[in-house]
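**Q** What the sequence shown shows, in my numbering, is residues 25 to 372, in sequence order. Glycine included, C-beta positions come from ideal geometry on N, C-alpha and C. In this text, all values refer to a predicted model and were calculated from it rather than measured experimentally. So that we are looking at the same thing, I have put the structure below in structure tokens.
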Amino acid sequence: MQVVNPSPEPHRPVPEPVAGRLSSPLVYLWAMLVFLALAGFVAMILGRQVIAAFHTNPGLNGLIVGVMTVGIVMALGQILRLAREVRWVNAFRDGPAADRVKPPVLLAPMAAQVGHRRGRLQLPTSTARSLLDSVAARLDETRDVARYLVGLLVFLGLLGTFWGLLTTIGSITSTIQSLDPGAGDAATVLNSVKNGLSAPLSGMGTAFSSSLFGLSGSMVLGFLDLQVGRAQNRFYTELEDWIASVTEAEAPALTGGAVALASAVPNGAEEFRVLADRINRLVLEQTTSPRTSAAMASLAESIQGLVQHMRSEQQLLRDFVEAQAGEQREVRRVLERLNASLSAPERT
25 MQVVNPSPEP
35 HRPVPEPVAG
45 RLSSPLVYLW
55 AMLVFLALAG
65 FVAMILGRQV
75 IAAFHTNPGL
85 NGLIVGVMTV
95 GIVMALGQIL
105 RLAREVRWVN
115 AFRDGPAADR
125 VKPPVLLAPM
135 AAQVGHRRGR
145 LQLPTSTARS
155 LLDSVAARLD
165 ETRDVARYLV
175 GLLVFLGLLG
185 TFWGLLTTIG
195 SITSTIQSLD
205 PGAGDAATVL
215 NSVKNGLSAP
225 LSGMGTAFSS
235 SLFGLSGSMV
245 LGFLDLQVGR
255 AQNRFYTELE
265 DWIASVTEAE
275 APALTGGAVA
285 LASAVPNGAE
295 EFRVLADRIN
305 RLVLEQTTSP
315 RTSAAMASLA
325 ESIQGLVQHM
335 RSEQQLLRDF
345 VEAQAGEQRE
355 VRRVLERLNA
365 SLSAPERT
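Structure (structure tokens):
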């Protein structure tokens, strides 16, 4: 009985074994949508007050609301773009599915370098580091506009506040100057005061409404930017872990004097240039070693002379101290004899 060997299957690229996929950032998108829903619910409950505050200065308040809307759309768009990058990375790690996913924008340099590779991916250390630096720089750039919009909302709120205060102060000044108590009865004066206070109250409404909309908008955009930052940090951390898992290990260290030279220089002309520089430095060190020895010998002689000079000064100081001690003993004996001679007549 003849056994027929089955025909070998065509070779297929083996997908890279991975420990886990990149997490989807849509969980942060849901958190942002829930927060926006809560903020809208609060605004709906306070609808009359919000509308009345908005109409105190529709131009400035409309600008604040417009800036806040642009910031919200940009924050949501950043999460959606990040989800696109995550889908591409997961598809690339799965193997053949990468061709059916739209090419990334944030990871465009990475796609240009490794997008054509199939099978198990291996990246040099320098390439992995450059890819991570490029991704980090692009992530920071995407959040610059959102941070600016947060500060812009605070500025517009403060601008409306000072604008309203200036209007209030000017209106109060005009009202006080227009009062004339001797021109008529009390009812006429009170009526003029009432009419004059309408402008200051309108200015106060402008001040407080602008502060309300500006600070509320900055709070909303700040929370959304916080969620975007958390999503980007998790994406970068997981991407860094994956790239570290596919980075090629460094070559094993050599022994002897060729270790630093073999690991520090590249191939070709660069290797010869660095080798020539090292040889020149070695020759220079050999030529300058006699000078160094002579300088060290001269320094040793100078130090020895200094030590001898210090010893001679110490001897002179010691002799001076001994001489002073001898003179003190002589003075003590003279004083004792003088004291004895003075005390002798008293005894007699």
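#1: Determine the direct distance from the alpha carbon of residue 338 to that of residue 344, and round the result to whole angstroms.
#2: Would you mind stating whether residue 155 and residue 238 have Cβ atoms separated by less than 7 Å?
#3: So what does DSSP say about residue 70, is it helix, strand or coil?
#4: Across the segment 103-120 and the segment 70-88, are there enough close Cβ pairs to call them in contact, namely three or more that are closer than 8 Å?
#5: Using CA atoms only, rank isn't needed, just tell me which of 53, 326, 235 and 166 is closest to residue 74.
#6: Find out if the Cβ-Cβ distance for the pair residue 173, residue 245 is shorter than 7 Å.
#7: Can you tell me whether residue 90 is buried or exposed, with buried defined as 16 or more other CB within 10 angstroms of its CB?
#8: Using only the alpha-carbon positions, how far apart do residue 331 and residue 363 sit?
#9: Can you give me the C-alpha to C-alpha distance between residue 99 and residue 146, rounded to a whole angstrom?
#10: Cα separation between residue 93 and residue 175?
#11: Count the other C-beta atoms from every protein chain shown that fall within 10 angstroms of the C-beta of residue 257, then say buried if there are 16 or more, exposed otherwise.
#12: Taking residue 102 as the reference, give the member of 129, 77 and 268 with the closest Cα.
#13: If distances are taken between C-alpha atoms only, which option among 148, 192, 232 and 162 comes closest to residue 184?
#14: Using alpha carbons as the reference points, say which of 60, 46 and 358 lies closest to residue 251.
#15: Can you look up residue 147 in the DSSP assignment and give me helix, strand or coil?
#16: For residue 80, does the three-state DSSP call read helix, strand or coil?
#17: Any heavy atom of the ligand SAM closer than 6 Å to the Cβ of residue 126?
#18: Anyone know if the C-beta pair for residue 271 and residue 152 falls short of 7 Å?
#19: Residues in the same chain with beta-carbon distance under 7 Å from residue 366, minus the five sequence neighbours each way, listed in chain order, please.
**A** Concretely, from the data shown:
#1: 10 Å
#2: No, the pair does not count as a contact, with Cβ atoms beyond the cut-off.
#3: Annotated three-state conformation of residue 70 is coil, per DSSP.
#4: no
#5: 235
#6: Contact: yes.
#7: exposed
#8: 48 Å
#9: 34 Å
#10: 15 Å
#11: By the 10 Å Cβ count, residue 257 comes out exposed.
#12: Nearest to residue 102 by C-alpha distance, out of 129, 77 and 268, is 129.
#13: Distance from the Cα of residue 184 is smallest, within the candidate group 148, 192, 232 and 162, for 232.
#14: The candidate whose alpha carbon is nearest that of residue 251 is 60.
#15: strand
#16: coil
#17: For the ligand SAM, the structure offers nothing, since it holds no ligand at all.
#18: yes
#19: For residue 366, where only same-chain residues beyond five positions count, there are no Cβ hits under 7 Å.
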